[in-house]
Structures are given as C-alpha cells and as structure tokens.
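Q: Position in the sequence shown (from 1) plus 39 gives the number in this note's numbering. Where a beta carbon is used, it is the ideal one built from N, C-alpha and C, also for glycine. Input: one structure, supplied below.
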Amino acid sequence: MKRLFGELNGVPIYEYTLKNKRGTEFSALNYGAIVTRIVTENQFGEFQNICLGFHSLDDYLAYSPYFGAFVGRVAGRIRNGSFWLDGKHYDLVKNAGVHQLHGGRPNFSKTVFEVEETANSLIFSYKSPAFQNGYPGEVDVVMRYTLTEEDAWVIEYEADTDQPTLFNPTNHTYFNLSGDVKKSILKNELFVRSHAYACIDEELIPTGELREVFGTAFDFNEAKQIQSAILKGDPQMDLASGGLDHGFVLEHVRNQPDAILVDRDSGRGIKMETDAPAVVIYTGNTLTGDYTVFGDKIRPFSGITFETQSLPDAIHHPHFGDIVLRPGTPFYSKTIFRFFVNKARN
Ligand code: G6D
Numbered sequence: 040m041k042r043l044f045g046e047l048n049g050v051p052i053y054e055y056t057l058k059n060k061r062g063t064e065f066s067a068l069n070y071g072a073i074v075t076r077i078v079t080e081n082q083f084g085e086f087q088n089i090c091l092g093f094h095s096l097d098d099y100l101a102y103s104p105y106f107g108a109f110v111g112r113v114a115g116r117i118r119n120g121s122f123w124l125d126g127k128h129y130d131l132v133k134n135a136g137v138h139q140l141h142g143g144r145p146n147f148s149k150t151v152f153e154v155e156e157t158a159n160s161l162i163f164s165y166k167s168p169a170f171q172n173g174y175p176g177e178v179d180v181v182m183r184y185t186l187t188e189e190d191a192w193v194i195e196y197e198a199d200t201d202q203p204t205l206f207n208p209t210n211h212t213y214f215n216l217s218g219d220v221k222k223s224i225l226k227n228e229l230f231v232r233s234h235a236y237a238c239i240d241e242e243l244i245p246t247g248e249l250r251e252v253f254g255t256a257f258d259f260n261e262a263k264q265i266q267s268a269i270l271k272g273d274p275q276m277d278l279a280s281g282g283l284d285h286g287f288v289l290e291h292v293r294n295q296p297d298a299i300l301v302d303r304d305s306g307r308g309i310k311m312e313t314d315a316p317a318v319v320i321y322t323g324n325t326l327t328g329d330y331t332v333f334g335d336k337i338r339p340f341s342g343i344t345f346e347t348q349s350l351p352d353a354i355h356h357p358h359f360g361d362i363v364l365r366p367g368t369p370f371y372s373k374t375i376f377r378f379f380v381n382k383a384r385n
C-alpha cells in the first residue's frame, strides 16, 4: 500500500505501509528509505507511533537529524574525510567540519530509491555511482525491510561493487517507546550485551581505544535506566553532550538479543538482534532546533537509535574490523528489531 507523500524535483515521493494481523504498521519513504512510522500496541491496547519523524517531506528536507534514515555508504564519522585503500589515497566529501559523517552529502538518506513491494516487505534498490562522495566503485545496493506477523522489523542489507571500496551501512531510526514525543527516553531500561565500547574524542570520533565497560556508566550487561547511567557520569559521556553516542562491541550469544530496550509506562519493549559486530547507541543528546516532531518541539533525549554496523572509522583502526567491500564478495548483513508489549493485568 502506498500514498503520495510529496514531490522532490518532480519525482513523486511515496510513503509505503506494511501492516500485520496484530495491527502493527510500518511505513517508509522511497526518499532515504526513511522509516516514518512504526505503530505498535501499548499495554492498554492503544496503537501509537514509536519512532521520531515528520508529517511532511518539506520537514524531512529541512530539519531531519537522520530520522528513520538508511545511512551509507559508511555510517559514522571518518576522520579527516580520507583514507588509504590498496595503496591509493581517497578524499571524501566532508560534511562534518574536516570529517565525513554518514557517507557525505548527498548520502543514502537523501537518495530516491526504486521500491518493490511484496506482501510483507519493501525492497529498496539503488546504484551508487563510482566516486559518489569520493568513494571508489559503482555499488549496487539492495536493502529490504520486512514486517513479520510476530512484530519483528527485519532489515537486510546487500551490496556489490565493481572496485574495492568501503561499505558500512546502518539505519538511523530514533525509537521513543512511549508513543509520545513529549516523554524522554531517559527512564527507558537498556540492556546491551557488550564488554567494551569505542572511546571518542571531542569531535565524537573514535580514538582507537576499546575500553572495558565493567564498573563504568557504559555497563548495560544488567538492564538499567538510561538516566542512571547518565547520572553516574563519565568523561566519555561529557564529550557526547551528556549521553551516549558510542559504538559498543557486541558479544553475540546465539539466539539471544544483543540489546533490549523497555519502557515500563507503556509496557513496550524492543529486542534487537544483529549479525553486525557493533552498535552505535545515540541517546539523542543533541536533538535541538527550531522545529517540531509531530507537533511537539524537538528536545534532547526524545529518541534513541541502535545503529548496527562495524565500529565507526574502522578504516583507520585495523582492530575495529574490516569494512572493505571487494568485487566478487558481496556484502550481507541483517538486523532484527522485535517489538513486544507486556500487557497490563486487570
Ligand atoms: C549519529 O553518532 C552520530 C551523532 O553524533 C549525530 O549527531 C547523529 O548521527 C545525527 O548517531
């Protein structure tokens, strides 16, 4: 099912909606593969949208801090917007001071995709031209969102290149499980199966140090309220405007979630599972500006992202893992967000 959402340089922008038998709805645009709404039930049987977004395309064009967006070719910051690969030096488009953020400009979040609809999936495809934003290789990208009958949102990324290049995509949906943008995510309980995170500098770029979480505010191996971590404090959080904006190395236990987020008031929760080596968790620390989200003023901590990926700036830190995409070895990665609700007892 689709409806016209707006028009961009004469190109129609559609909002596609998937719905399952439980009544859960999931909508996304052919622009940026942006997830505009995820409507799920709370413990009282009310269906509400649990992600940040806008009602109009104009707002996405003017304000969006990557709301719901497909991010690529490379998520996060690349120091000095340049890198060496196979003995060659590449200069990238710099869109964060002298650095590159989320693939440069225009990146996937600002791209119009071909979309194919199936009964429970939306399949987005795009051919990213060689040297787009400075990256070598023409890359064929196919990304699929599926909404299952069991309330799982599945993201599958596939890519193929004709030249060695970098590829490390993610999705930038900000969840607010309360269904009410006025409520912050600070009281949400967070579990992350991670023993170490990537330290950042004052420009939010990984320094290369992987620091153990034990005994620090970054230890979410037992679920705790996000605000308790922030109150405990850590100089690393100060660098990120008083919250999380860090890559966590995931431990991955078979058939177990990598992260869990719970909002006790609404009864809603999410279990996140991924095959990606890491997740950048951003608690919306710098969500400010002169705009509204579904009618409410944007505020810090009004959403939280789970940006599954290899650690940011991996190309400059060999121990962060390999994000080089080579011809003949296609990229595949899968992330699942399982939505659940703990119903109120009568
Ligand atoms: C990402 O890590 C970054 C943040 O620093 C940035 O502000 C946001 O995207 C827009 O999560």
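So what does DSSP say about N119, is it helix, strand or coil?
A: Correct three-state label for N119: helix.
Q: Looking at C-alpha atoms only, which residue of P168, N119 and E195 is the closest neighbour of V178?
A: In terms of CA proximity to V178, P168 leads the group P168, N119 and E195.
Q: Between P104 and ligand 1, is there a pair consisting of the residue's CB and a ligand heavy atom that are separated by less than 7 Å?
A: yes
Q: My output table needs one value for A298: the three-state DSSP class, helix, strand or coil.
A: The three-state reading of DSSP puts A298 in strand, counting E and B together.
Q: Quick one: does the C-beta of G115 sit closer than 7 Å to a heavy atom of ligand 1?
A: yes
Q: Following the continuous alpha helix (DSSP H) through D277, name the residue where it begins and the one where it ends.
A: P274 to L278
Q: Tell me which same chain residues have a C-beta within less than 8 Å of the C-beta of E346, skipping the five on either side of it?
A: V110, A114, G115, T209, N210, H211, V318, V319, I320 and Y321
Q: If I measure Cβ to Cβ from Q87 and keep anything under 6 Å in the same chain, skipping five residues before and after, which residues do I get?
A: G218
Q: Just verifying my parser: in three-state terms, what is the DSSP assignment at K133?
A: coil
Q: What residue does the alpha helix (DSSP H) around D97 start on, and which one ends it?
A: L96 to Y102
Q: Counting only the same chain and skipping the five closest in sequence on each side, list residues whose C-beta sits under 6 Å from that of A262.
A: E228 and F230
Q: What are the boundary residues of the beta strand (DSSP E) that Q202 is part of?
A: Here Q202 belongs to no beta strand (DSSP E), and DSSP marks it neither H nor E.
Q: Can you tell me whether P51 is buried or exposed, with buried defined as 16 or more other CB within 10 angstroms of its CB?
A: exposed
Q: Report the rounded CA-to-CA distance for T56 versus F65, giving the unit in angstroms.
A: 6 Å
Q: Verify the CB distance criterion: does P175 have a CB-CB separation below 8 Å to chain D?
A: The question asks about chain D, but that chain is absent: this structure has only one protein chain.
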